[in-house]
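If you read the sequence shown in numbering that gives the first Met the number 0, its first letter stands for residue 0, the second for the next number, and so on.
All residues carry an ideal CB built from backbone N, CA and C; glycine is no exception.
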Amino acid sequence: MDPNKPILVTGALGKTGSRVISALANRNIKVRAFIRRKDAANQAKALGATEVACGDFSDDKSLQFAIEGCSRIIHICPPMDPRETEISKRITDHCLTSKTERMILYSVLHPLLQDVPHHNNKLAAERHLVNSGQNFTILQPSRYMQHLIPIWNKIIETGVHSMPFSIETKFSLVDLEDLAEAAATIAIDNGHDGATYELAGPEKLSQIDMARILSDLTGKNIQARAKTMKEFKAWAEINEIPAARIETMVAMNRHYDVHGLVGNPNVLSWILGRTPRTFEEFVKREILN
Ligand SMILES: NC(=O)c1ccc[n+]([C@@H]2O[C@H](COP(=O)([O-])OP(=O)(O)OC[C@H]3O[C@@H](n4cnc5c(N)ncnc54)[C@H](OP(=O)(O)O)[C@@H]3O)[C@@H](O)[C@H]2O)c1
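Now the structure itself:
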């Protein structure tokens, strides 16, 4: 990799992108952040980005301009965007035109799930990339531990851990901090050409398991309760989430209700050179610190 050329990160100011930028910057890598709000340039710089490219995923010219001159790109699409396949296809094609050394596509664990629309969209994006002739690495992260953050105050207030799926199905939750570190390693190091990596955490946890861990850590009695789909929809509407996204979230939660989302931590352990962090370690670091 030419150290004088930056790595482009899209979705740069989101939950994932911001941590990926910091992980790259911590290793003194030049980072170009693709952002859509001009007034957020300083935010990107504060994370460690050395350059900022302003634009929009729907604007090809801004994408082309952002990709030009970068060694590698980490493409992180906004979650559940119905245009995800089309956006990713255009970015892949711009990478080919710009002779980008490698495109790292931030996908999801088990994109083959047919009943979850955004997994389907990511699968189609992966298929286009693999067939395009563009050098690539595909990352398939599991569900983040960080989903605990927005419900934390409610848990403490009510003593109930409540997500809109069964309290018994299991998830290989993964710490976003580990994912950012792994994404940076994969982007910087050679040897990841043409690879697809499943990135999952070390434990299989249900809501019951999470409530037990939280009870032990806080000394409070925390119980698990499945939020009903009706409650979930009412919450989503109050929070003005667009109707199409609510439908996608409902489909995902229905899948989780029956199957959970389970993967294997071996690849992430290999990339990090250590065991990925446990849920307990995450809670101690990011919630109870
Ligand atoms: N959450 C999970 O458990 C999980 C698990 C596996 C994979 N993933 C995947 O991780 C990815 C990132 O999720 P996230 O939660 O980090 O996203 P996020 O926090 O919602 O951030 C999305 C970013 O994309 C930017 N953006 C939105 N629309 C744009 C547009 N039209 N043009 C340019 N930029 C635009 C947003 O800009 P603004 O800052 O201006 O709003 C924001 O910075 C998603 O693809 C998701 O499927 C998530």
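{"Asked": "Limits of the alpha helix (DSSP H) - the one that Leu267 falls within", "Found": "265-271"}
{"Asked": "Gly200: CB within 6 Å of a non-hydrogen atom of ligand 1", "Found": "no"}
{"Asked": "Alpha-carbon to alpha-carbon, Glu167 and Thr49", "Found": "45 Å"}
{"Asked": "Bounding residues of the alpha helix (DSSP H) (the contiguous stretch that carries Pro116)", "Found": "116-131"}
{"Asked": "Close-in-space but distant-in-sequence residues of the same chain around Thr195 (CB under 6 Å, 5 per side omitted)", "Found": "Ile137"}
{"Asked": "Neighbour-count burial assignment, Pro241, 16 or more Cβ in a 10 Å radius", "Found": "exposed"}
{"Asked": "Contacting residues, own chain, Cβ-Cβ under 8 Å from Thr277 (five flanking each side not counted)", "Found": "Gly200, Pro201, Glu202"}
{"Asked": "Minimum C-alpha distance to Leu104 - residue among Leu260, Lys88, Leu111", "Found": "Lys88"}
{"Asked": "Cβ separation of Ala45 and Ala179, assumed to be a contact under 8 Å, to the nearest whole Å", "Found": "That pair is no contact at about 16 Å."}
{"Asked": "Nearest candidate by alpha-carbon position, reference Pro264, set Phe170, Ile150, Leu7", "Found": "Phe170"}
{"Asked": "Inter-residue spacing [alpha-carbon to alpha-carbon] between Asp80 and Gln42", "Found": "23 Å"}
{"Asked": "Range of the contiguous alpha helix (DSSP H) that encloses Tyr143", "Found": "Per DSSP, Tyr143 belongs to no alpha helix (DSSP H) and is neither H nor E."}
{"Asked": "Exposure of Val257, with buried meaning 16 or more beta-carbon neighbours within 10 Å", "Found": "exposed"}
{"Asked": "Short Cβ contact (7 Å threshold) for Ile212 with Glu279", "Found": "yes"}
{"Asked": "Counterpart residues of Gln222 in DSSP-defined beta bridges", "Found": "Val159"}
{"Asked": "Rounded separation between Glu83 and Pro2 - CA only", "Found": "30 Å"}
{"Asked": "Exposed unless 16 or more other CB atoms sit within 10 angstroms - verdict on Asp177", "Found": "buried"}
{"Asked": "Inter-residue spacing [alpha-carbon to alpha-carbon] between Pro77 and Ser106", "Found": "11 Å"}
{"Asked": "Val129 CB to nearest heavy atom of ligand 1 below 6 Å", "Found": "no"}
{"Asked": "C-alpha gap between Leu111 and Ala123, whole angstroms", "Found": "9 Å"}
{"Asked": "Bridge partner(s) assigned by DSSP for Cys53", "Found": "Ile34"}
{"Asked": "Span separating the alpha-carbon of Thr15 from that of Ala233", "Found": "27 Å"}
{"Asked": "Alpha helix (DSSP H) segments (min. 4 residues) lying fully within the stretch 40-110", "Found": "40-46, 59-66, 83-96"}
{"Asked": "Contact with chain C by Gly190, beta-carbon distance below 7 Å", "Found": "Of the protein chains in this structure there is only one, and it is not chain C."}
{"Asked": "Test item: CB-CB of Arg18 and Leu175 under 7 Å", "Found": "yes"}
{"Asked": "Counterpart residues of Ala194 in DSSP-defined beta bridges", "Found": "Thr136"}
{"Asked": "Per DSSP, cross-strand counterpart(s) of Val8", "Found": "Ala32, Ile73"}
{"Asked": "Cα-Cα separation, Leu271 to Gly193", "Found": "19 Å"}
{"Asked": "The stretch 212-232 touching the stretch 53-62, judged by at least three CB pairs closer than 8 Å", "Found": "no"}
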